[in-house]
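Student: The structure's right below; bear with me while I get my questions together.
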């Protein structure tokens, strides 16, 4: 529960995505980052636990703070934070997780960070998925979105709910509204609105309804820069006065 991951994208995702989402199947302004294989890699990066502080005892747990450290390359070459603090607070009926990221740098490559929730108890399906997303004034079944709709990215108004063999759980996010269903094809969710698996996309199924029983969990998308809005569309863009290249950019005037 609450697993953090940082993802970097390159043409491995972008090109198949165009078959599912772009009419001409070409990378274009607004979508994709052409030639990003030269400057990025297709990879999911996960942190390791550095320290854990616990308040209280095993019989009277109050809260805990976990310090997580991201792989060095993910934060120095790309845009992951180098450190993440997770404050875990427990009450009778709820578990609160506060994520504090340290050292997040701006980057032009495709990136995304998410927190995944996959309940351990067996899910209880009822007229569709065990999960429901609260949006547009009602609860939406992520396995019931019509073909051609947004299967993988949902902006929610009131979080998500799930029924399991051990009870009912509500997942609320205070400041990140996008949620991504977790499926066997996307174990950390998919922050893009269509599938980027090549076979699925080329078969014309990149926006097809999710298979019954495929939604195993839900990921909260903390951030992404997968849209080119407000970015220079000449990619890669850098100023040679200050940068030897897109990955070696430092302000020489500050030395």
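Residue numbers (this note's numbering): 345 to 599. Beta carbons are placed, not taken as given, at the ideal position from N, Cα and C, and that holds for glycine. Being a predicted model, the structure only gives us computed values, none of them experimental.
Excluding sequence positions up to five away, which residues of its chain have a Cβ less than 7 Å from the Cβ of residue 411?
Tutor: The residue you call residue 411 lines up with position 67 of the chain shown. Cβ neighbours of residue 411 beyond the five flanking positions: 394, 395, 427, 429.
Student: Going by DSSP in three states, residue 458 sits in which element: helix, strand or coil?
Tutor: Reading the chain shown from its first residue, position 114 is the one you call residue 458. Looking at residue 458 - three-state DSSP - the assignment turns out to be strand.
Student: What three-state label does DSSP hand residue 306 in the structure shown?
Tutor: Nothing can be reported for residue 306, as the shown portion of the chain is limited to 345 through 599.
Student: In this structure, does DSSP put residue 598 in helix, strand or coil?
Tutor: Position 254 of the chain shown, counted from the start, is the residue given in the question as residue 598. At residue 598 the pLDDT is 42, less than 50, meaning the model places this residue with poor confidence; the figure from the coordinates comes in the next sentence. Helix.
Student: Is residue 585 helix, strand or coil when you go by DSSP?
Tutor: Here residue 585 refers to the residue found at position 241 of the chain shown. Coil.
Student: Ignoring anything shorter than 4 residues, give me the alpha helix (DSSP H) runs that lie fully in the region 529-580, in order along the chain.
Tutor: The region 529-580 contains these whole alpha helix (DSSP H) runs: 542-546.
Student: 7 Å is my cut-off, CB to CB: does residue 485 come that close to chain D?
Tutor: Of the protein chains in the structure, only one exists, and it is not chain D.
Student: Would you mind sorting residue 528 into buried or exposed? The rule is 16 or more other CB atoms within 10 Å of its CB.
Tutor: Within the chain shown, numbered from 1, the residue matching residue 528 stands at position 184. Residue 528 is exposed by the Cβ-count criterion.
Student: Are the CB atoms of residue 491 and residue 472 nearer to each other than 7 Å?
Tutor: Taking the chain shown and counting its residues from 1, the one referred to as residue 491 is at position 147. Taking the chain shown and counting its residues from 1, the one referred to as residue 472 is at position 128. Cβ distance not < 7 Å, so residue 491 and residue 472 don't count as in contact.
Student: Distance, Cα to Cα, residue 523 vs residue 538?
Tutor: Counting from one through the chain shown, the residue named residue 523 turns up at place 179. Counting from one through the chain shown, the residue named residue 538 turns up at place 194. Spanning the two alpha carbons is a distance of roughly 14 Å.
Student: Tell me which same chain residues have a C-beta within less than 6 Å of the C-beta of residue 445, skipping the five on either side of it?
Tutor: Locating residue 445 in the chain shown gives position 101, where the first residue counts as 1. These residues qualify, in order along the chain: 425, 428.
Student: Taking DSSP as the reference, what is the three-state secondary structure of residue 358?
Tutor: Reading the chain shown from its first residue, position 14 is the one you call residue 358. The answer is helix: DSSP assigns residue 358 an H, G or I state.
Student: What whole-angstrom Cβ distance do residue 514 and residue 499 have, given they're in contact under 8 Å?
Tutor: Here the question's residue 514 lines up with position 170 in the chain shown. Here the question's residue 499 lines up with position 155 in the chain shown. Contact flag wrong, Cβ pair sits at about 17 Å.
Student: Using a 10 Å radius around the Cβ and a threshold of 16 neighbouring Cβ atoms, would you call residue 404 buried or exposed?
Tutor: Locating residue 404 in the chain shown gives position 60, counting from the first residue. Exposed, since its Cβ has fewer than 16 Cβ neighbours within 10 Å.
Student: Is it buried or exposed for residue 563, if we count other Cβ within 10 angstroms and need 16 for buried?
Tutor: For the purposes of this step, residue 563 is taken as the residue at position 219 of the chain shown. Buried, because 16 or more other Cβ atoms sit within 10 Å of the Cβ of residue 563.
Student: Over what stretch of residues does the alpha helix (DSSP H) that includes residue 413 continue unbroken?
Tutor: Working through the chain shown from its first residue, we reach residue 413 at position 69. Note, residue 413: premise wrong, no alpha helix (DSSP H); beta strand (DSSP E) at 405-413.
Student: My understanding is that residue 558 touches residue 487, with C-beta atoms under 8 Å, so please give their C-beta distance in whole angstroms.
Tutor: Sequence index remark: in the chain shown, residue 558 carries index 214 (1-based). Sequence index remark: in the chain shown, residue 487 carries index 143 (1-based). Sure, about 7 Å apart at Cβ, within 8 Å.
Student: Quickly, what does DSSP pair residue 431 with across the bridge? List them, please.
Tutor: Numbered from 1 along the chain shown, position 87 holds the residue referred to as residue 431. Looking at the DSSP assignment, residue 431 forms a beta bridge with 409, 442.
Student: By Cβ distance, which residues of its chain are closer than 8 Å to residue 571, with the 5 residues on each side in sequence left out?
Tutor: Taking the chain shown and counting its residues from 1, the one referred to as residue 571 is at position 227. 374, 375, listed in sequence order.
Student: Please report the residue range of the alpha helix (DSSP H) in which residue 420 lies.
Tutor: Position 76 of the chain shown, counting from 1, holds the residue named residue 420. Unbroken alpha helix (DSSP H) run through residue 420: 416-420.
Student: Beta-carbon separation of residue 459 and residue 533 under 7 Å?
Tutor: By 1-based counting over the chain shown, the position of residue 459 is 115. By 1-based counting over the chain shown, the position of residue 533 is 189. Cβ atoms of residue 459 and residue 533: not closer than 7 Å.
Student: If you follow the beta strand (DSSP E) that residue 370 is part of, which residue opens it and which one closes it?
Tutor: Counting from one through the chain shown, the residue named residue 370 turns up at place 26. Here residue 370 belongs to no beta strand (DSSP E), and DSSP marks it neither H nor E.
Student: Work out the CA separation of residue 392 and residue 466 for me, nearest whole Å.
Tutor: Looking up residue 466 in the chain shown gives position 122. Looking up residue 392 in the chain shown gives position 48. Computed Cα separation, rounded: 28 Å.
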